[in-house]
Structure formats: structure tokens, C-alpha cells
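One structure below.
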Amino acid sequence: MAGLHKSDIKNPVLNWIDTRMPVFTMMEKEYGSFPTPKNFNYFWNFGALAMVTLAIMIVTGIFLAMNYTPNTEMAFDSVQRIMRDVNYGWLIRYVHQNGASMFFIVVYVHIFRGLYYGSYKAPRELLWIIGVALLLAMMATAFMGYVLPWGQMSYWGATVITNLFSAIPLVGTDIVQWLWGGFSVSNPTLNRFFSLHYLMPFVIVGLVFLHVVALHITGSNNPLGIDVKSPQDTLPFHPYYTVKDSVGLCVFLAIFAAIVFFAPNMLGDPNNFIPANPLQTPADIVPEWYFLPFYAILRSVPNKLGGVAMMFGSIAVLFVLPWLDTSRVRSARFRPIYRPLVFVLVAAVVVLGMVGAHRPEGIWVVLGRVATTYYFLHFLVILPALGILEKPLPLPESISNPVLPRRGGGGGPLPGGVPAAPMEKP
Amino acid sequence: MAELAAAGTGGHHGAHGGDGRRDFLRLITASGAVIGVGAIAWPLIDSMNPSKDVLALSSVETDLTPIELGSGITVVWRGKPIFVRHRTEKEIKEAEDVQMSQLIEPQPDSERVKAGHAQWIVLIGICTHLGCVPLGNKPTDPRGEWGGWFCPCHGSQYDTSGRVRHGPAPLNLYIPPYAFESNTKIKIG
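Sequence lines, in order, name chains A and B. What the first sequence shows, in this note's numbering, is residues 3 to 428, in sequence order. What the second sequence shows, in this note's numbering, is residues 226 to 414, in sequence order.
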């Protein structure tokens, strides 16, 4: 229904705009008074941290693109020029380069938060699915971005990853040549990767918008994993969580800055200081750290198509996670068997990361296969079975009860008949 | 629904006939839109395929005289490394004597070289696993257990005929189109 919005905003200029396009009312509703569970811990910082990192990546990327040349003859040198000659080019590039790693750290913690506290469960399935799509979009963006400096690892990483598609029966070779625009990774490939690397962040922004829209319909999950029952269970987003997010942001930016200024190449590969050479493969091709677990899964399967299928399957399984986990209890705090198993899963992924960084020989092959097996076992067998076998601990009645001062010294949930106290000062 | 449609068309036609016509119009419109979108999308998709200058079949002539017995060289054809290796008598014999049942992709050595030129093996030097360049042209390179080539990326091994002997590579090294112009010169492409 069309019609002007009745705005409450006092400032006449803002009121005039808000009456015609109520963006200020919307911001107040979604980020000001937005009711948010009052028991968040610091794990709930990481969504905001990811958004800030995305903004940092887009801004630094725009300025890097002003000095970068996407041509196989000039790309490597143009990056060296950014590092040596462009004013503050070193800073912009180091922030961008390490920003990718920081982005993945933040997002992996964010995903762990979702797994541990069951944030993917009804009614947040779609929110979770959009999140997995975001992870895929991030991976594609990071992969293409890593190719742009056109060092040895850029070139050979691109070769290995694009060749994954040659495992597809019948049309594999045609697809790979279509991706390359030639018969090997070459100038057309670099050109299109640059174009897509610039495009993808805006796709990510769109997906983030949908992620937030879905979040603001369902409301946030919380460490207890129980639903908000009354206004007493919530706090307005501002100032409570704007401040809490700011605390986490300061710590995060301090770590980020420490890496940028004191160890900017800690996470990089020395081979990428050598210009790309299509005739010489480096002794060890290793992806960036954030891809190592997936690379390890790829190598753990002694069959080309099987390895590729398992690697993509390791992400695909996350899309259907809301339906694989049959337990209705969200938070791992109340799931005595699931709780240790989440940490086993984390250990399996860390082991896979270490396997991915080593040559597939000896113990690493065995470890890789064991960890890969557990990864899939966890999602495909253990989670569906746990919903039936596990006896969850009793859930608190509401978010307010466990955080209000405990009466009677006994602790635990209040008896049902006691009226929950309003938000009074202690 | 049928009543509404009938009312909408004034009720002259049977409700059924009116619906059928509407469905047909919808179908035609939707198909037209799909074909239109496809016609617009195809030029964009096809623009990413190898362009004419890339496709223009270039050929490379290679002089074989400087290649020492037991070693190979790498020449570039279409942006790809091509291995040209001068095999020793022992290597030829090993390649010819293999039982077909031991091979991952069975193929006799005689199909992989030109008749009368068994000492020369010409291969596309790209591992059939994920596209790395295997080592083994220089006698000092690691050549794997079968004395051919060894891929440093994921450990695939090839014999002196370029046939895969140890995974994860699924296929033998490809052989580019080439011909002997004389006994000491080949033309690739």
C-alpha cells in the first residue's frame, strides 16, 4: 500500500526524508531498538567482525585495482610497484593480503559458533544456508584474488584448482578450457579472474544483506539455544551490543594490525615471490592456509573424481546440516554427547589442515584418511543418530532465569510459580 | 478459478476453452522469454571460450640433434609444455615389455611412438591428475620407480612411455599431434 510514512524523527530535514523513504526508522528498528537476547557471549561478535573485514577488503581492493595490471607480462611487476613505489602501497596491499586470512579466521569462528550453539536449527535453516553460500562465495573470491599477483604459487594454484573441473566426466576438458579461455592458465584466465575478483565482493555484500534480513526475521540464537520468551529476555541492540561488538572489534583490529605491521608475510608462501613460470612446477604446491583442510580431503582419496567429489561434498554437507542434525536441542551446553564431539570435529579439521600442508607420504596419508572419515561420519552418521540416542540435559525455562540472581542458594532454574522479576536494579 | 475466468471473458465461451487458450498464451510467452534469455546469454558464455587467436593452430618445429641419449627437453606448444625425450635401449625395452594387465590405462608402447622412431617419445608434459608439470627430463631429476616421470604435486608416476603407473593420475600422459619431417626434426601441431 502506498502512502507517506509517519516519522517520529525530530530533526525536520531527516523527518522530511524519513517521511518519504523511512530508512532512518528502519535503521532505528533494526539496529537501534532491535530486541537481542541479553545473554550473548563474545562468540556473537564475529558476525559484526566479518562485516567490518568485508568493508576493509572492499576499500583496500578498490585502491589496489587502481595500480594493478591484469596482464601476464605485467601483473607481477605491477604488484612489486605497488609494494615499492606507490605511496602507502605496501600498507594497502598487506592489509588486503592479510585481510583475506583474517576474514577466514573470523568466518571459521563464526561457523564454529553456529555449530556449537546449534544456530542452524529451525527456524534458522535458511539463514544458515545463506551463510554456507557466503562461505563458497568467499572461497571463490579468495582463490581468484590469490592468482592476481601472478607468482609461482598463484599460477600453479590456479592450474590445480581449475583442473579439478576436468574430473567431471565427458565435459570436463571443455569446461576447463572454457574457464581458462585457452589451453592452459594464461592471459585470458588472468583477465577474467581479475574481473570476477572485483565482482564477487558485491555478490557477497548482497548475500550478507539477505543473511541479515533472514537474521532479523528469526532473531538471533543465544548461548542457551532457547527461544526468547518475553521482552525481559532481550536488550536493545544499541547501545548494549554496539558496545560489546566494539570491544571485540578493538581486540580484532589490534591483532590484525600486529600481523600487518610485524609479520605481514607470516601466512604467505615464499614461492609467490617468484614470477609465474608455466614450465616449472614448484616442488610443493600448497594452497593458502584457509584451504588446507579441503585440499587434504582432496588428496586423501586415491581417485581423481572421488577426491574432487569428496572435497565439494565437505561443503555441500553443510547445506543440509539443518536436516542431518535430528536433535531439537540447539545449544551444545545441554547435549552431553554432542558437546565433546564438536571438539573432535574441530580437531579433525585442524588435523586435515596440517595434512594439507605436508606431502602426502607416510603418516600424513593415514591421518588424512582418518580425519576425512571422521568429518563425514560426524555429519552423515553421528548427527542423525544422536538426536535419537542422546538424552539432553534439562533446559532452562527462559533466558532470564539463569542470568538473574539465584535465590535460595540452590541454583538451577527457578520454580515455575515464581514470577520472573522485571529488570530491576539489584 | 474456472468461474472467474468465465466471468472475465463474458461467459460466452466455455470455461474450459478459455483456460486452455490462456495456458497456451502463458506457455508461448514463457518459452519466448526463455529462448530470448538464452540467446542473450550464449554470446556472453561463448566469449569466455578460447578466442580465435588462441585457437589459431600454431605449430612448432623442433630439432632433435641436441637431445642427449637418456634425457629430454621441454618445448612450448599452445602454452603447454611438450616433453621430447631420447630413450635409451634399456628404457625402450622396459616400455615394450610391460604386461598390459599391470597398467592403469593399458596401451602398448608401439601405439605411443612413431614407427621406426622408438627412441623418441613426445608427450604433453602435463600430469593428467591436476595439471602439474612432472619432473624427469633431466637424468638427475626424480623419475619415480618406473624411470619415466614423477609428478611432485601429488606423487603420480609415469613410465618411460609416459604411461601412468602409480596414481592419483587416472590417465597416461597425452600425446600431441606431431610428425617427423626428417630423422632429426619433428613438427608439433
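Beta carbons: idealized from backbone N, C-alpha and C, even for Gly.
Cβ neighbour criterion (16 or more within 10 Å) applied to residue i
{"i": "A/N305", "result": "exposed"}
{"i": "B/P402", "result": "exposed"}
{"i": "B/S256", "result": "exposed"}
{"i": "A/K12", "result": "exposed"}
{"i": "A/T74", "result": "buried"}
{"i": "A/P39", "result": "buried"}
{"i": "A/N100", "result": "buried"}
{"i": "A/K427", "result": "In this prediction, A/K427 has a pLDDT of 43, which is less than 50 and means its spatial position is unreliable; nothing more can be read from the coordinates."}
{"i": "B/I413", "result": "buried"}
{"i": "A/W46", "result": "buried"}
{"i": "A/I299", "result": "buried"}
{"i": "B/T249", "result": "The residue you asked about is not Thr; residue 249 of chain B is Phe in the sequence shown. Exposed, since its Cβ has fewer than 16 Cβ neighbours within 10 Å."}
{"i": "A/S197", "result": "exposed"}
Contacts that residue i makes with chain A (C-beta to C-beta distance below 9 Å)
{"i": "B/S276", "result": "G183, G184, P190"}
{"i": "B/K305", "result": "F185, S186, P280"}
{"i": "B/P401", "result": "By Cβ distance, chain A contributes nothing, its closest Cβ being about 11 Å from B/P401, past 9 Å."}
{"i": "B/P331", "result": "Within chain A, no residue comes near B/P331; the closest Cβ sits about 18 Å away, beyond 9 Å."}
DSSP state of residue i mapped onto helix, strand, coil
{"i": "A/L510", "result": "There is no way to answer for residue 510 of chain A, as the model of chain A reaches only from 3 to 428."}
{"i": "A/Y491", "result": "Nothing in the structure corresponds to residue 491 of chain A, since chain A is present only between 3 and 428."}
{"i": "A/Y122", "result": "coil"}
{"i": "B/T353", "result": "coil"}
{"i": "A/G153", "result": "strand"}
{"i": "B/L348", "result": "strand"}
{"i": "A/R361", "result": "coil"}
{"i": "B/I298", "result": "strand"}
{"i": "B/F308", "result": "strand"}
{"i": "A/L406", "result": "Bear in mind that the predicted position of A/L406 carries a pLDDT of just 48, short of 50, making it unreliable; the figure below should be weighed with that in mind. Note: A/L406 maps to coil in three-state DSSP."}
{"i": "A/H199", "result": "helix"}
{"i": "B/V389", "result": "strand"}
{"i": "A/T164", "result": "helix"}
{"i": "A/I19", "result": "helix"}
{"i": "A/P396", "result": "coil"}
{"i": "A/P277", "result": "strand"}
{"i": "A/P272", "result": "helix"}
{"i": "A/E75", "result": "coil"}
{"i": "A/D247", "result": "helix"}
{"i": "B/L250", "result": "helix"}
{"i": "A/H7", "result": "coil"}
{"i": "A/H380", "result": "helix"}
{"i": "A/K429", "result": "Given that chain A is displayed from residue 3 to residue 428, the structure contains no residue 429 of chain A and the question cannot be resolved."}
Bridge-paired residues (DSSP) for residue i
{"i": "B/F375", "result": "B/L360, B/Q382"}
{"i": "B/K410", "result": "B/D288, B/S407"}
{"i": "A/T38", "result": "A/L237"}
Within chain A, partners of residue i - CB distance below 7 Å
{"i": "B/T365", "result": "The premise fails here: B/T365 is roughly 14 Å from chain A at the closest Cβ pair, so nothing lies under 7 Å."}
{"i": "B/T299", "result": "L281"}
{"i": "B/V309", "result": "Neighbours of B/V309 on chain A: none; closest Cβ ~13 Å, over 7 Å."}
Residue i: contacting residues in chain B (beta-carbon distance under 8 Å)
{"i": "A/V162", "result": "L355, G356, C357, C378"}
{"i": "A/A285", "result": "P377"}
{"i": "A/N193", "result": "Those within 8 Å of A/N193 in chain B number zero; the least Cβ separation is about 10 Å."}
{"i": "A/P362", "result": "H379, G380"}
{"i": "A/G309", "result": "P393"}
The ligand FMN heavy atom lying under 8 Å from the CB of residue i
{"i": "A/I206", "result": "As for the ligand FMN, it is missing from this structure, which has no ligand bound."}
Chain B contact residues for residue i, given Cβ-Cβ distances below 7 Å
{"i": "A/R301", "result": "H379"}
{"i": "A/P277", "result": "Within chain B, no residue comes near A/P277; the closest Cβ sits about 16 Å away, beyond 7 Å."}
{"i": "A/P304", "result": "G392, P393"}
{"i": "A/G159", "result": "Near A/G159 there are no residues of chain B at all, since even the closest Cβ is about 10 Å away, more than 7 Å."}
{"i": "A/V180", "result": "Per the sequence shown, residue 180 of chain A should be read as Trp rather than Val. M273, N274, listed in chain order."}
Proximal residues of chain A, C-beta to C-beta of residue i below 8 Å
{"i": "B/G373", "result": "Chain A residues near B/G373: none, gap ~16 Å exceeds 8 Å."}
Listed by chain order, chain B residues near residue i by CB distance under 9 Å
{"i": "A/I1", "result": "Because chain A in this structure spans residues 3 to 428, residue 1 of chain A falls outside the shown range and cannot be described."}
{"i": "A/L166", "result": "L355"}
{"i": "A/Q99", "result": "Chain B residues near A/Q99: none, gap ~24 Å exceeds 9 Å."}
{"i": "A/Q154", "result": "Those do not exist, as A/Q154 stays about 12 Å from chain B at its closest Cβ, beyond 9 Å."}
9 Å Cβ cutoff, residue i in contact with chain E
{"i": "B/L360", "result": "Here chain E cannot be found, since the structure's protein chains are A and B."}
* Touching by the beta-carbon criterion (3+ pairs, under 8 Å), the stretch 279-293 of chain A and the stretch 155-162 of chain A -> The stretch 279-293 of chain A, when compared against the stretch 155-162 of chain A, does touch it at the 8 Å Cβ threshold.
* To do: May I ask you to verify whether the stretch 353-364 of chain A touches the stretch 136-155 of chain A, counting CB pairs closer than 8 Å and requiring at least 3?
  => Counting Cβ pairs under 8 Å, fewer than three are found: no touch.
* Asked: Should the stretch 273-287 of chain B be called in touch with the stretch 171-180 of chain A, which here means at least 3 C-beta pairs below 8 Å?
  -> The stretch 273-287 of chain B and the stretch 171-180 of chain A touch, with no fewer than 3 CB-CB distances between them shorter than 8 Å.
* Asked: Counting Cβ pairs, one atom from each stretch, are 3 or more of them under 8 Å apart for the stretch 132-140 of chain A and the stretch 265-274 of chain A?
  -> No, the stretch 132-140 of chain A does not touch the stretch 265-274 of chain A.
* Should the stretch 236-244 of chain A be called in touch with the stretch 102-121 of chain A, which here means at least 3 C-beta pairs below 8 Å? -> Judged by Cβ distances under 8 Å, the stretch 236-244 of chain A makes no contact with the stretch 102-121 of chain A, as fewer than three pairs qualify.
* Decide yes or no for the touch test of the stretch 225-234 of chain A against the stretch 309-327 of chain B: beta carbon pairs closer than 8 Å, at least 3 of them. => No, the stretch 225-234 of chain A does not touch the stretch 309-327 of chain B.
* Contact between the stretch 188-200 of chain A and the stretch 87-101 of chain A: three or more CB pairs below 8 Å? -> Taking 8 Å as the limit for Cβ pairs, the verdict is that the stretch 87-101 of chain A does not touch the stretch 188-200 of chain A.
* Touching by the beta-carbon criterion (3+ pairs, under 8 Å), the stretch 378-395 of chain A and the stretch 334-342 of chain A -> In short, these stretches touch, since the Cβ pair count reaches three.
* Is the number of C-beta pairs between the stretch 377-395 of chain B and the stretch 278-297 of chain B that are closer than 8 Å three or more? -> Under the 8 Å Cβ criterion, the stretch 377-395 of chain B does not count as touching the stretch 278-297 of chain B, having fewer than three qualifying pairs.
* To do: Examine the Cβ distances between the stretch 361-371 of chain B and the stretch 333-346 of chain B and report whether three or more of them are shorter than 8 Å.
  => They do not touch, by the three-pair rule.
* Given 8 Å as the limit, is there contact between the stretch 390-409 of chain B and the stretch 347-354 of chain B, that is, 3 or more CB pairs closer than that? -> Taking a cut-off of 8 Å on C-beta distances, the stretch 390-409 of chain B touches the stretch 347-354 of chain B, as three or more cross pairs fall below it.
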